[in-house]
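Undergrad: The structure under discussion is supplied below as structure tokens; questions concerning it will follow.
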Amino acid sequence: MRDAMIDVDVLIVGSGPVGATCARLLVDQGHLHVLMVDAGPRLTERAGLHVRNLPEEARVAAQVAAQGPTAFRYAVPSMPERAGAAVSGRYRLEHLVRPGTHLPNGERWGELPAAACSTNVGGMGAHWTCACPPPADGEAIGFIPTDEMQAALATARELLQVTAAAYPDTPVSQRLRERLSNAFAEVTSRDRAVQRMPLACSAEHDQRRWSGSDTILGALADEAGRLERFELRHDTACLQLLVRHDRVIGAQLLDRSSGTRYRVDAKTVIVAADALRTPQLLWASGIRPQALGRYLNDQPQVVHAVRLDAEECGITRPGEDATVGVYWVPFDRQHHPFHGQVMQMEACPVALTDEAQANVEHIVAMGWFCCKQDIRAEDRVRFSETEKDFLGMPAMTLDYSLTERDLAQVDKARDLLQRAGKALGQPLGEAPLMLPPGSSLHYQGTTRMGEADDGTSVCDDRGQVWGFRNLFVAGNGVIPTPTACNPTLTSVALAVRACERILQEHTHGHA
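Following the numbering used here, the numbering of the sequence shown begins with 133 at its first residue and continues without gaps.
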């Protein structure tokens, strides 16, 4: 076994798709010595493999192992049960979590009750739905030049292996897309029409391999033959960054298997630990800019299910395989400030109605993500000076509420889901349902980027923390804009831009 790294060029905290992006680019392009650590276990022999690529028994075991302080198999309530709990406020744990995730504070919840994370190598990238729509005008970050962002998005697509052809484009799916297009003709444009969802996935012989951190890492995901200048340590929590003036000089790490604490020195540090635990680590390290943890932005999620009209959708025989795949009704700032997804049951991340669960034939799930109207400093994650979480880090409390304008958007999303349901067949249930706040898992803004160090942001447009020469933050938390689309593609693209600066700094010897 080779010697463990104790002095590295780059330390990366977090091994999700964003951390994996940084590792891949810095090792491949910069020939740098990189150490990546994750507090959670390695779920698969190949580091960061998506659990949907596993047989059921292995998948369930991997999901449970990722659930931190609640490492047991959850009950799976139906969509109406989840939504009913959101209305009443009387939650049970299973109303708030999905397999492979856990609440930040164990079985305690607050004003964003379904806010959850995953503690495992690969992060949420081992469990995500793999949807990778690009941000639209109104979602994109205005102070990043368009040509630069488009180039970064192109690199992100390559790393994630994004394709719109993950599912076969059958006559049934073409008919379904046509009916959706007609229903939403006045709110979509020619360049952002109803279309097949871009998914991080490779498909061969009608078999799909879902992208995880291993996809991005490439050869670095395999222990055998891994380059000497890269190391991935699982079950290794980063407890504190060590600060000297305007630099982070290293970190205090904890080997969770042995209980040993030790120090690693680093020339550059990237924290990509998710939108809740990245600000947690900065706060625990005494790095507490005014905007840290503030401007928390979630996407209210409204869901519905529909049984396809067999005749209208071109299903000619009972039991016919009407492969639908995943479809996208894109965001339009003026006419449709929502992100709509229509997907077959196999691609749906939550259980639907009891009827749908009992008989999935010709049933599709629909979800509309709302763009939050009011991004406010008072929506935030706070950290305790005294209480600790299961990793020994400062316990967090989430302060969050929807404004009247936000709730009005939720009502509009319900109307749009009714429209989609009627276009496709017979809606199941009385009305579309809003899931418990936090169910999107798309938290943003807690380490947001900005144009200037004016107290309203944590980092610049390359993820470099204000006031520090060698500290970077990455992940969904850096996105400063209200969005409705799935954020992973954007976050990976922003990490690409961060790596460009880091490579430049190391090349010129400034790191």
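Cβ coordinates follow ideal geometry from the N, Cα and C atoms, glycine included. This structure is a prediction, so every number in the text was calculated from the model and none was measured.
The beta strand (DSSP E) with residue 603 in it runs from where to where?
TA: It spans 603-605 - the beta strand (DSSP E) in which residue 603 sits, taken as one unbroken run.
Undergrad: Output needed for residue 296: all residues of its chain with C-beta closer than 6 angstroms, excluding positions within five of it in sequence on either side, in chain order.
TA: So the qualifying residues of the chain are 328 and 330.
Undergrad: Pairs of beta-carbons, one from the stretch 582-594 and one from the stretch 436-443, closer than 8 angstroms: are there three or more?
TA: No, the stretch 582-594 does not touch the stretch 436-443.
Undergrad: When burial is assigned at 16 or more other CB atoms within 10 Å of the CB, is residue 227 buried or exposed?
TA: Buried.
Undergrad: Going by the CB atoms, is the gap between residue 159 and residue 361 shorter than 9 angstroms?
TA: Yes, they are a contact pair.
Undergrad: Which class does residue 211 belong to by DSSP, given the choice of helix, strand or coil?
TA: Residue 211 falls in the helix class under three-state DSSP.
Undergrad: Look at residue 612 and residue 427 and say whether their C-beta atoms are less than 9 angstroms apart.
TA: Yes, these two residues count as a Cβ contact at 9 angstroms.
Undergrad: With burial defined as no fewer than 16 other Cβ atoms inside 10 Å of the residue's Cβ, what is the status of residue 275: buried or exposed?
TA: Residue 275 is exposed by the Cβ-count criterion.
Undergrad: Please determine, among 584, 214, 568 and 402, the residue with the shortest C-alpha to C-alpha distance to residue 154.
TA: Cα-wise, what sits closest to residue 154 is 402.
Undergrad: For the beta strand (DSSP E) holding residue 334, just list the boundary residues, first then last.
TA: Note, residue 334: beta strand (DSSP E), 331-336.
Undergrad: Provide the residue(s) that pair with residue 495 in DSSP beta bridges, ordered along the chain.
TA: DSSP output for residue 495 lists 439 as bridge partner(s).
Undergrad: Judging by CA-CA distance, which residue of 590, 232 and 524 is the nearest neighbour of residue 194?
TA: Among 590, 232 and 524, the Cα nearest to that of residue 194 is on 232.
Undergrad: Would you call the stretch 165-174 and the stretch 385-400 touching, i.e. three or more CB-CB distances under 8 angstroms?
TA: Taking 8 angstroms as the limit for Cβ pairs, the verdict is that the stretch 385-400 does touch the stretch 165-174.
Undergrad: Please list the terminal residues of the continuous alpha helix (DSSP H) segment that includes residue 161.
TA: Per DSSP, residue 161 belongs to the alpha helix (DSSP H) from 149-162.
Undergrad: Is the stretch 292-306 close to the stretch 340-358, with three or more CB pairs under 8 angstroms?
TA: Output reads yes: the stretch 340-358 touches the stretch 292-306.
Undergrad: Grouping DSSP H, G and I as helix and E and B as strand, with all else coil, what is residue 219?
TA: It is helical.
Undergrad: What whole-angstrom Cβ distance do residue 349 and residue 582 have, given they're in contact under 8 angstroms?
TA: Contact flag wrong, Cβ pair sits at about 30 angstroms.
Undergrad: Do you know how far the Cα of residue 359 is from the Cα of residue 556?
TA: Cα to Cα, residue 556 sits roughly 51 angstroms from residue 359.
Undergrad: Got a sec? Which residues, its chain only, sit under 7 angstroms from residue 531 by beta carbon, not counting five neighbours each side?
TA: The residues are 243, 510, 511, 512 and 514.
Undergrad: Among the candidates 589, 459 and 263, whose CA atom is the shortest distance from the CA of residue 312?
TA: It is 459.
Undergrad: What does the alpha-carbon distance come out to for the pair residue 148 and residue 443?
TA: When rounded, the distance between both Cα atoms is 43 angstroms.
Undergrad: Once the 5 residues before and after residue 629 are set aside, which same chain residues still bring their CB inside 6 angstroms of it?
TA: Only 284 and 594 meet the Cβ criterion.
Undergrad: Less than 9 angstroms separating the beta-carbons of residue 433 and residue 504?
TA: No, the pair does not count as a contact, with Cβ atoms beyond the cut-off.
Undergrad: Tell me the rounded alpha-carbon separation between residue 151 and residue 145.
TA: Going from the Cα of residue 151 to the Cα of residue 145 covers about 7 angstroms.
Undergrad: What is the DSSP secondary structure of residue 382, reduced to helix, strand or coil?
TA: Three-state DSSP puts residue 382 in a strand.
Undergrad: Considering only DSSP beta bridges, list what residue 321 is partnered with.
TA: Answer is 324, bridged to residue 321.
Undergrad: For residue 520, does the three-state DSSP call read helix, strand or coil?
TA: In this structure, residue 520 counts as strand in the three-state DSSP scheme.
Undergrad: Output the boundary residues of the beta strand (DSSP E) element that contains residue 340.
TA: Looking at the DSSP string, the run of the beta strand (DSSP E) that includes residue 340 is 339-342.
Undergrad: So, with DSSP's three-state summary, where would you put residue 261?
TA: The answer is coil: DSSP assigns residue 261 none of H, G, I, E or B.
Undergrad: Rounded to whole angstroms, what is the Cα-Cα separation between residue 376 and residue 625?
TA: The straight-line gap from Cα to Cα measures roughly 30 angstroms.
Undergrad: Tell me residue 526's beta-bridge partners as DSSP assigns them.
TA: BP columns for residue 526 point to 520.
Undergrad: Pop quiz: residue 202 and residue 225 are said to be a contact at Cβ under 8 angstroms. What is the actual Cβ separation, rounded to whole angstroms?
TA: Contact flag correct, Cβ pair sits at about 7 angstroms.
Undergrad: For the candidate residues 471, 255 and 191, whose alpha-carbon lies nearest to that of residue 500?
TA: Nearest C-alpha to residue 500: 471.
Undergrad: In terms of residue numbering, what span does the beta strand (DSSP E) encompassing residue 371 cover?
TA: First-last of the beta strand (DSSP E) with residue 371: 368-376.
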